[in-house]
Every structure is written in C-alpha cells, then in structure tokens.
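Residue numbers (my numbering): 116 to 354.
No residue lacks a Cβ here, since even glycine has one placed at the ideal position from N, Cα and C.
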Amino acid sequence: MTQSLDNAQIEALVRRAVRAIVNNDLSSAAQPPGWVDGKPNLRVSISARHVHLSDEHVETLFGPGATLTPMKGLYQDGFFAAEQTVMIVGPKKRMLPSVRVLGPTRPFSQVELAFTDSISLGLDIPIRHSGDIDGTPGCVMVGPAGTIQLDKGVIRAARHVHMNQSDAQFYGVKKGDFMDLKITSPQCTITMSDVLVRADETSKLEVHIDTDEGNACNLDSATKIELIPSGGGCGCKAH
C-alpha cells in the first residue's frame, strides 16, 4: 500500500534535507584545513622523483606558448602532477627517461631525486630544502621540443612537514622548527629526525619523504604514524 504525501509533508522533508546539508558544510568549514573530527589528520606521502620548471623552461622543453597540463591534483590544494614528463640526463650519459613535472611553475627549475636515482645518473647530490640550490650539481633536461642545460638545481629534498597554523599550535611548533616522525611497521619501525616544519595559513598536515625513506620504513604496511616535536614541545600526536 502506497502512502501519498501532502505538500506540507514534502516541504518539511525538503527543509530537513537542506538543513542537514548546510549544517554539515558549516561543520566542515569550522575546522582548519585537513582536520577530521576536531584534530589534525596526519598524512605521510612518498615524494617520488620529479621536476619543478620555470615558465621559460616549460616553453623551451615543450614548445612556444606551452603551459603545464594538470593530470592529477596533489593533496595540497593548488598543486598538481602535470601530464608532461622530461628526460633527465646525468654527466655519464646515464638517464631517467620519464620524470614527472609538478605544477604550478616556479621562478626557477629544480630537480628532486632520491639517493638511488642520483647513483643511477652518476650524480653526487646534496640533501637540501626546496629552493636552496646554490652549489648543487646540474643536469640536462630533454623534452619533445628542446633541451635545457641546468647548471645547478638537482637535490635530494630534505624531509619536511607541511602544516597550517592550527596544526602548528596543536603540536606546539612553529615554522622552521624540526620534528621527529616515528613510523611503526612490521620489522621496519623507524624514527626519522630533522623533519622541517613548513607552516602557513592554508596547508594540510602532510609529511613528505622520498622513495628511499618510504621503502626503508615499509610505509605501505605502517600500523602507526606519530609526529613528535623535537627537544620537547607539547608531545601531542596525531595518528
């Protein structure tokens, strides 16, 4: 037996549904970026080999007027993996054939590799924080429309954590501080020190480590992840 609804009942149901949607949106908006259930939601991501390019180098490598084409958005809002890739050539003509370009573009180009990548290329690369490229080795980048000889800019990116100011307050840290990252995995539990805090107003809580570090701690099988202020602090942890 089917029961019909009058206009008043239909209007009440619609109002209830709209109110639920609005209340949910307001609840989400009240939380800092990336927070879940009133606390930071820690994510650890493996940052595989990649390239950041300047606008000038995008055109040189991919043709006049070329721009980066987003393929997939990254966890941090506004950042993406581009459809474009480049070949990286080392000093002994060894090469990595398809290294992903990340966007958006930057004022200068930078190549970020893991230690094993640098061995394959025959490069001796230092561990540096992004943007600190003085005194670093260069390489050749090859695209479908041209070639770039980088005099510097190839680094192994130092591990770091992106966070917003609410995350920083939660952990009792500030921009430029260092933290420890403890990853508990079967037979591979490890604590990584010197995780640089990169805090701003909009970032979501995310630690970046490279492929070598991710393999060393068996990140895919991790059962617990803790971010701990170095040398004291509040000792708060998010899992």
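Look at the Cβ atom of L236, then the Cβ atom of R209, and state whether they are nearer than 8 Å. If you check the CB distance, L236 and R209 come in under 8 Å.
Within its chain, find whatever has a CB closer than 6 Å to the CB of S281; leave out the 5 residues flanking it on each side and keep chain order. Excluding sequence neighbours, S281 sits near P147.
CB of I65 within 8 Å of CB of I270, strictly: Absent from the model: residue 65. The displayed extent of the chain is 116 to 354, so no value can be given.
Should N279 go down as buried or exposed, given a rule of 16 or more other Cβ atoms within 10 Å for buried? N279 counts as buried, since at least 16 other C-beta atoms from the protein chains shown sit within 10 angstroms of its C-beta.
Those residues which DSSP pairs with P185 across a bridge: DSSP output for P185 lists A197 as bridge partner(s).
Taking the Cβ atom as the reference point for each residue, do S169 and F223 lie within a distance shorter than 8 Å? In this structure, the beta-carbon distance from S169 to F223 falls below 8 Å.
Coil, strand or helix - T262 by DSSP: Looking at T262 - three-state DSSP - the assignment turns out to be strand.
Decide yes or no for the touch test of the region 173-182 against the region 304-324: beta carbon pairs closer than 8 Å, at least 3 of them. The answer is no - the region 304-324 does not touch the region 173-182, with fewer than three Cβ pairs under 8 Å.
Backbone CA spacing between H323 and V276 [nearest angstrom]: Between the alpha carbons of H323 and V276 lies a gap of roughly 6 Å.
Is DSSP giving E356 helix, strand or coil here? Because the chain here runs from 116 to 354, residue 356 falls outside it and cannot be looked at.
By Cβ distance below 8 Å, which residues in the same chain neighbour R243 in space, the five residues on each side in sequence not counted? Same-chain partners within the cutoff: T251, I270, R271, A272 and A273.
Outcome for A283 when other beta-carbon atoms lying within 10 angstroms are tallied against a minimum of 16: Around the beta carbon of A283, 16 or more other beta carbons lie within 10 angstroms, which makes this residue buried.
Any chance the region 294-301 sits against the region 251-266, with 3 or more Cβ pairs inside 8 Å? A contact is defined here as three or more CB-CB pairs under 8 Å, and the region 294-301 fails this definition with respect to the region 251-266.
Could you tell me which residues DSSP pairs with P64 in its beta bridges? Outside the shown range of the chain, which is 116 to 354, sits residue 64, and nothing can be said about it.
Quick check: the Cα distance between V204 and P219, rounded to an integer number of angstroms? Straight through space, the alpha carbons of P219 and V204 are spaced by roughly 23 Å.
Assigned secondary structure, F285 (DSSP; H/G/I helix, E/B strand, else coil): In the structure shown, F285 adopts helical secondary structure according to DSSP, grouped into three states.
So D325 and A229 are supposed to be a Cβ contact under 8 Å. How far apart are they, rounded? Their Cβ separation, rounded to whole angstroms, is 4 Å, which keeps D325 and A229 in contact under 8 Å.
With a CB to CB cut of under 8 Å and the five nearest residues on each side skipped, what residues in its chain are close to V166? Within the same chain, Cβ atoms closer than 8 Å to the Cβ of V166 are found at V201, I203, V214, R215, V216, L217, S224, Q225, V226, E227 and M256, the five residues on either side in sequence being excluded.
Per DSSP, which residues does I343 bridge with? Please list them. DSSP, once it has assigned bridges, lists D295 as partnering I343.
If the criterion is Cβ atoms closer than 8 Å, does the pair L342 and L157 meet it? Here L342 is near L157, since their CB atoms are less than 8 Å apart.
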